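Note sheet for the following structure.
Have a look at this one:
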């Protein structure tokens, strides 16, 4: 990049404190016009705080300086940041689910004065112009809440373009996307860059960062470790910078063929979801289940957990045939399920960490009248906090304050406390940084060593190849292949999934 180019955004000596805690320590950072700049760091490193400073949500301590477009900004608030061309796409996307694609994209542009009606034609024309510019095809009249997550991501990007953004922050934009959807999104990012827009890309997926970034900045514990041209870093170096530790990339596959089968699934089918599914999971085995979106992986997991009853076939656990009318039957049999969408299904975001931890244990912990003493609730929660090495502000803190890694550990602890024989993990590392990913799989390996059978559902082939003893591939609701890491390479599994 030309050294004479003026930075689009420059932050100097930016410190942010919340009470006694310092979230950012004297951050110096810049973003250049037309670059893709990846902001990296583990959960709690200060990435979100830095973004919220530039979007006007958080105010830095006195002595900080922020320049946007070469001009020093004295007091930055959300409205001013937006008027200066700064747009943020958060993980929740902040869209209007009940409005159409066109209404979401051109919401600001089509609004008249307070006494004037919304100009629908102008709205549609503005939305269509933005989509045409980015090479995106979405139905203008479709309700945004009915779109898949990949479609909603594109709507959020188009809205930023319609607002004439010069700098677009994308916070974990690929966390819930398939590989094909990721490729399509990265192609849009490149078109934005070609148009001169700067993009700050926040992701925990190192392969995507290395593919898309011009420069990479790493934060750890609120401090900037440095900024590097992306071509000067390897994925392993980046992981070490983020965590402060060497990341173990060795395969963990073991030969479990001599272990007795715990779960036996035969001819399982549910109309519209999956058909003729048969497989075993052995005691102490970690079985990976991968495939593209729509392959039937999550639907199968819900069937095994009694939430979507299969129409045909059989399920045996420990040699006993199960009839799963509900998830209560599955839990009573010793099956636990950690869902993909931990925020809306796995956790109650309004309740405390403590209440979330003990929720699944209430029937076992409560007294004869269904009452659980506060002291026992606190002691049980503290036990699981320590056992899974959670970093929590307090047990009575709202669970929505937790990082992705710690939130996942809360869900995991809640179900492990039911003492399951079979644990099903659906996309367990979505939105979790690399250090916490490794920590979660260390927990999984420890559980398997104690004899628990584990099914890991993931569309990240590298993840199941590195951590599972066997990998099953689903396509179109059917089992399409079986692989053994150490015998089959990661690329062989990738080729089969995308064939």
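Numbering (full-length UniProt numbering), first residue to last: 1 to 499. Glycine residues also receive a C-beta, built at the ideal position from the N, C-alpha and C atoms. For clarity, every value in this text was computed on a predicted model and none was experimentally measured.
Looking from the CA of residue 227, the closest CA among 432, 428, 39 and 439 belongs to 39. In the three-state reduction of the DSSP assignment, residue 264 falls in the strand class, which pools E and B. The bridge partners DSSP lists for residue 455 are 287 and 424. With contact defined as three or more Cβ pairs closer than 8 Å, the region 456 to 468 and the region 280 to 294 are in contact.
Assigned with DSSP and collapsed to three states, residue 58 falls in coil, not helix or strand. In the structure shown, residue 391 falls within a coil segment according to DSSP collapsed to helix, strand and coil. By the neighbour-count criterion, in which a residue is buried when 16 or more other Cβ atoms sit within 10 angstroms of its Cβ, residue 74 is exposed. Between residue 202 and residue 161 the beta-carbon gap is near 19 Å, outside 8 Å, which marks them as no contact. Secondary structure at residue 138: coil, using DSSP grouped into helix, strand and coil. Note: residue 434 is not bridge-paired with any residue in the DSSP secondary-structure output.
By the neighbour-count definition (other C-beta atoms within 10 Å, threshold 16), residue 48 is a buried residue. The count of Cβ pairs closer than 8 Å, one atom from the region 406 to 424 and one from the region 324 to 338, reaches three, so the stretches are in contact. Rounded to whole angstroms, residue 78 and residue 108 show a C-alpha spacing of 15 Å.
The region 32 to 103 contains, as complete alpha helix (DSSP H) runs of 4+ residues, the segments 47 to 54 and 78 to 83 (chain order).
Contact between residue 313 and residue 268 holds, with the beta-carbon distance rounding to 3 Å and staying under 8 Å. With a cutoff of 8 Å on beta-carbon distance, residue 200 and residue 31 are scored as near each other.
A distance below 7 Å between beta-carbons, with the five flanking residues on each side excluded, links residue 462 to the following residues of its chain, in chain order: 490.
Contact check for residue 230 against residue 214 passes: the beta carbons are separated by less than 8 Å. Under the 10 Å beta carbon count, residue 207 is surrounded by fewer than 16 other beta carbons and is classified as exposed. The criterion of a C-beta distance shorter than 8 Å is satisfied by residue 458 and residue 427. If the five residues before and after residue 441 are omitted, its C-beta is found closer than 6 Å to the C-beta atoms of 467, all from its own chain and listed in chain order. Nearest neighbour of residue 5 by Cα position, chosen from 63, 60, 28 and 70, turns out to be 70. Residue 146 counts as exposed, since fewer than 16 other C-beta atoms from the protein chains shown sit within 10 angstroms of its C-beta. Per the DSSP secondary-structure output, residue 21 pairs in a beta bridge with 18. In the assembly as shown, residue 72 is an exposed residue. Its beta-carbon has fewer than 16 other beta-carbons within 10 Å. As the crow flies, the alpha-carbon of residue 485 is around 14 Å from that of residue 495.
Across the set 209, 243 and 196, the C-alpha of 209 shows the shortest separation from the C-alpha of residue 234.
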